[in-house]
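As structure tokens, the structure follows; a few thoughts come after it.
There are 4 protein chains.
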Amino acid sequence: MTDSPLARALLLVVDLQQPFLAAMPAADALVRRASLAIAAARRLGLPVAFTEQVPTKLGPTRPELIALAGEKPTVFAKDAFSALDSAELQEFLEVQNIEHVLLVGIETPICIYQTALDLLGSERQVTLLTDALGGRRPDDCAVALAYLAHLGGHALPTETVFYSVLRTTKHPFFRDYTKRVKQYA
Amino acid sequence: MTDSPLARALLLVVDLQQPFLAAMPAADALVRRASLAIAAARRLGLPVAFTEQVPTKLGPTRPELIALAGEKPTVFAKDAFSALDSAELQEFLEVQNIEHVLLVGIETPICIYQTALDLLGSERQVTLLTDALGGRRPDDCAVALAYLAHLGGHALPTETVFYSVLRTTKHPFFRDYTKRVKQYA
Amino acid sequence: MTDSPLARALLLVVDLQQPFLAAMPAADALVRRASLAIAAARRLGLPVAFTEQVPTKLGPTRPELIALAGEKPTVFAKDAFSALDSAELQEFLEVQNIEHVLLVGIETPICIYQTALDLLGSERQVTLLTDALGGRRPDDCAVALAYLAHLGGHALPTETVFYSVLRTTKHPFFRDYTKRVKQYA
Amino acid sequence: MTDSPLARALLLVVDLQQPFLAAMPAADALVRRASLAIAAARRLGLPVAFTEQVPTKLGPTRPELIALAGEKPTVFAKDAFSALDSAELQEFLEVQNIEHVLLVGIETPICIYQTALDLLGSERQVTLLTDALGGRRPDDCAVALAYLAHLGGHALPTETVFYSVLRTTKHPFFRDYTKRVKQYA
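Below, the structure written as structure tokens:
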């Protein structure tokens, strides 16, 4: 990924656990869009990590998402709303020298919001993959997203970000990516 | 509340009186969201105050809201649109050393707008709790809110603000807060 | 109007002629909101002027609007899209020492847009009374309005602006204004 | 076009090929708005160029659009998403001394996005003709457009831009333009 706009980037999949998904509208679409982001990130060599909110109680990330992330998925348990509260994730970001985090998951006004603020505070870039973010209250999601964009977060669709990495139909991943775009539409 | 993002903050509940509520769409939802804000503020030690527009004529704040604010609720009568027109409220802000006001209530394009402008003019921070604000004309509310955000007001959902204070599921108020979130959904 | 936020301001009513109104959706609501703006401006001592696009061909401003503006309404004919193209209006702005123009009328993406740009270019303030502006294509109106706000125009509802001038229910015009607000809702 | 706001400007029509149009909602409206932009640009002396994505496979631009561009339409084939990937288009921009590109076509979050970024990176002005842009996923289009506007792109309706060039009903093209506006409404 050197010289790519996503060099030193991580895709962070936040709290896509069944109890949260069950409480929100359009959960199926959100899972499809998160699937697209994970599949594209993996194929383009971008590291992928997951957070899980109190997984001992709320259970793991939806299995079909974890399955897309390869054999040894990186998963961080947390009990705070910000993912940066996990000392293991903090260490991971530093060891991997991550300078840019792409966020997908739930909920935009709570865990995504606090995670994004902490990442911006740590001088990292934050991209909010708008179609792969959600929450119980869509209006609240829109308000929180606008606020994060105002603070310097990049609010962009998943396809926009990954087509920008591909740049051309000649990219070796282009055909496969196009298939994924249709599969997860 | 020291070290909290809401240290030196006040929740100001503006003009939630029945005649105004009766004239607007979605009044019930607004009262529920204001209830959430008041309940959360109280439990987290944040002072709460109310304004009432010409209460001798228009009556008091909706009783279920006042009831959430404890035994001696702080209420300021006013006949101007800006809450800062009340000398008692001005004094309260100074004596309590309030540097940040969270606004809920009605109407966004009139009393909320003028109050927010006066607060910004007094070098205080203003947070507009978007889901707990309203008015007769929803399009006008959205326009006024966008203008206030442009001037430096923080437009954020109620849940975003209070989950940011809690920060973690280990916070002593977390369980109770979650119950409130469901109760006032 | 000295010391008022609208000192040195003019309400400019742009091209509210029947052929344009007939081509747009929600024309009745637009005429009601323009009526509110004109009535409030007049009562508060704010000068009001009208522009008419090629009136020899397209006819005059809707009579009920002109009627609200007093006995000798100020009307400028034009054949350009920008109102500033009228040398008479230019002179009027200079002689009356107008530093701030409140715009209502049609169409936001054409005549309002070009007029606002010319006013901003002449170092005057521009307020766009959002509920009293319109056009054939509502999406185009929203895009043009956002662009003008980005350039420094104040996009605000009519009620927001005039309630800001009144400031209090004790203002001598308050009762009458409230009646107008209901009449033109 | 000297002294015009569109001196040194080009209208670039991106990838309006049938397979892409077939996949998106409201394709007919998009073709009509692109037709208006092409017809107006031609009549006002503004150069018009087309890009086609892998035309050997996906076919040419919709014929009715090409037909509006005169006898020898300028068409650039590309296989990258950004139009600037075409060395021929790059050369065209330099030889014609183009400093401002008006973009219409599809898809806003992919080819339009990457083209706009590259144009802004080359110190050229970019205007996004909002009503003549589109894509499969309207929400993604809105997000990408907001991001480009934030980076300095001018997001404006087609009519706004061309009425700004005409400036007055006395312009020799005014009558004809008005006809086009109705034809492509």
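So the protein lines, in turn, are chains A, B, C and D.
My numbering numbers the first residue of the first sequence as 1 and each following residue consecutively.
My numbering numbers the first residue of the second sequence as 186 and each following residue consecutively.
My numbering numbers the first residue of the third sequence as 371 and each following residue consecutively.
My numbering numbers the first residue of the fourth sequence as 556 and each following residue consecutively.
By construction, the Cβ of each residue, glycine as well, lies at the ideal position given by its N, Cα and C atoms.
{"query": "By DSSP's criteria, V383 (chain C) is part of a beta bridge. Which residues make up the other side?", "result": "C:F420, C:V474"}
{"query": "Rounded to whole angstroms, what is the Cα-Cα separation between R365 (chain B) and D79 (chain A)?", "result": "19 Å"}
{"query": "Kindly give me the distance between the Cβ atoms of T713 (chain D) and R563 (chain D), rounded to whole angstroms, as I take these residues to be in contact under 8 Å.", "result": "Wrong, their Cβ atoms sit about 19 Å apart, outside the cutoff."}
{"query": "Sorted by chain position, which residues of the same chain lie with C-beta nearer than 6 Å to H356 (chain B)'s C-beta, five sequence neighbours on each side aside?", "result": "none"}
{"query": "Can you tell me which of the three DSSP states Q299 (chain B) falls into?", "result": "helix"}
{"query": "Below 8 Å on C-beta distance, what does A635 (chain D) contact in chain A?", "result": "R167, T168, T169, K170"}
{"query": "Is there a C-beta anywhere in chain A that falls below 7 Å from the one on V609 (chain D)?", "result": "yes"}
{"query": "Please determine whether the Cβ atom of R402 (chain C) lies at a distance below 6 Å from any heavy atom of the ligand ATP.", "result": "As presented, the structure is devoid of all ligands, the ligand ATP included, so that no description of it is given."}
{"query": "Quick one: list the residues of chain A neighbouring D640 (chain D), beta-carbon separation under 8 Å, in chain order.", "result": "R167, T168"}
{"query": "In whole angstroms, give me the CA-to-CA distance for V328 (chain B) and C666 (chain D).", "result": "32 Å"}
{"query": "So that I know if they touch, is there some Cβ in chain A lying closer than 7 Å to that of E292 (chain B)?", "result": "no"}
{"query": "Below 8 Å, can you find three or more Cβ-Cβ pairs linking the stretch 306-322 of chain B to the stretch 281-288 of chain B?", "result": "yes"}
{"query": "Along the stretch 132-152 of chain A, what residues have a CB closer than 8 Å to any CB found in chain B?", "result": "R136, R137, D139, D140, V143, A144, A146, Y147, H150"}
{"query": "Residues in the stretch 481-495 of chain C with C-beta within 9 Å of chain D's C-beta atoms, listed in sequence order?", "result": "C481, Y483, Q484, L487"}
{"query": "So the alpha helix (DSSP H) L221 (chain B) belongs to, where does it begin and stop?", "result": "212-228"}
{"query": "Rounded to whole angstroms, what's the CA-CA distance from T115 (chain A) to S86 (chain A)? Just pull it up for me.", "result": "11 Å"}
{"query": "Could one say the Cβ of T178 (chain A) lies closer than 7 Å to chain D's Cβ atoms, at least one of them?", "result": "no"}
{"query": "How many angstroms separate the CA atom of G337 (chain B) from the CA atom of A577 (chain D)?", "result": "44 Å"}
{"query": "Please check if any C-beta of chain G sits within less than 7 Å of the C-beta of D79 (chain A).", "result": "This model lacks chain G altogether, as its protein chains are A, B, C and D."}
{"query": "Using CA atoms only, rank isn't needed, just tell me which of C:Y554, C:F543, C:A555 is closest to R412 (chain C).", "result": "C:F543"}
{"query": "Step through the CB atoms of chain D and report whether any lies within less than 7 Å of the CB of L11 (chain A).", "result": "no"}
{"query": "How would you write the range of the alpha helix (DSSP H) that F390 (chain C) sits in, first residue to last?", "result": "388-392"}
{"query": "Can you tell me whether DSSP reads G689 (chain D) as helix, strand or coil?", "result": "strand"}
{"query": "Taking Y668 (chain D) and A155 (chain A) to be in contact with their CB atoms under 8 Å, please state how far apart those CB atoms are, rounded to whole angstroms.", "result": "That belief does not hold up - the Cβ atoms of Y668 (chain D) and A155 (chain A) are roughly 13 Å apart, past 8 Å."}
{"query": "Exposed or buried, Q387 (chain C), counting other C-beta atoms within 10 Å across all chains shown (16 or more means buried)?", "result": "buried"}
{"query": "Check Q368 (chain B) in the structure and name its three-state DSSP category.", "result": "helix"}
{"query": "Count the CB pairs spanning the stretch 621-637 of chain D and the stretch 596-612 of chain D that are closer than 8 Å, and state whether there are at least three.", "result": "yes"}
{"query": "Run through the DSSP bridge pairs and tell me what K427 (chain C) is partnered with.", "result": "In DSSP, K427 (chain C) forms no bridge with anything."}
{"query": "Any residues in the stretch 431-448 of chain C with a beta carbon nearer than 7 Å to a beta carbon of chain B? Which ones, in chain order?", "result": "none"}
{"query": "Taking the CB atoms as reference points, tell me whether L12 (chain A) and A49 (chain A) lie closer together than 7 Å.", "result": "yes"}
{"query": "Taking 7 Å as the CB-CB limit, is T500 (chain C) close to chain B?", "result": "yes"}
{"query": "Using a beta-carbon distance below 7 Å, is P527 (chain C) in contact with chain B?", "result": "yes"}
{"query": "If we define contact as Cβ-Cβ less than 7 Å, is Y739 (chain D) a contact residue for chain C?", "result": "no"}
{"query": "Could you give the distance in angstroms between the alpha-carbon of L675 (chain D) and the alpha-carbon of H705 (chain D)?", "result": "12 Å"}
{"query": "Leaving out five residues on either side along the sequence, give the residues of the same chain with a beta carbon under 6 Å from the beta carbon of F717 (chain D).", "result": "A595"}
{"query": "May I have the straight-line CA-CA distance separating V720 (chain D) from S35 (chain A), to the nearest angstrom?", "result": "46 Å"}
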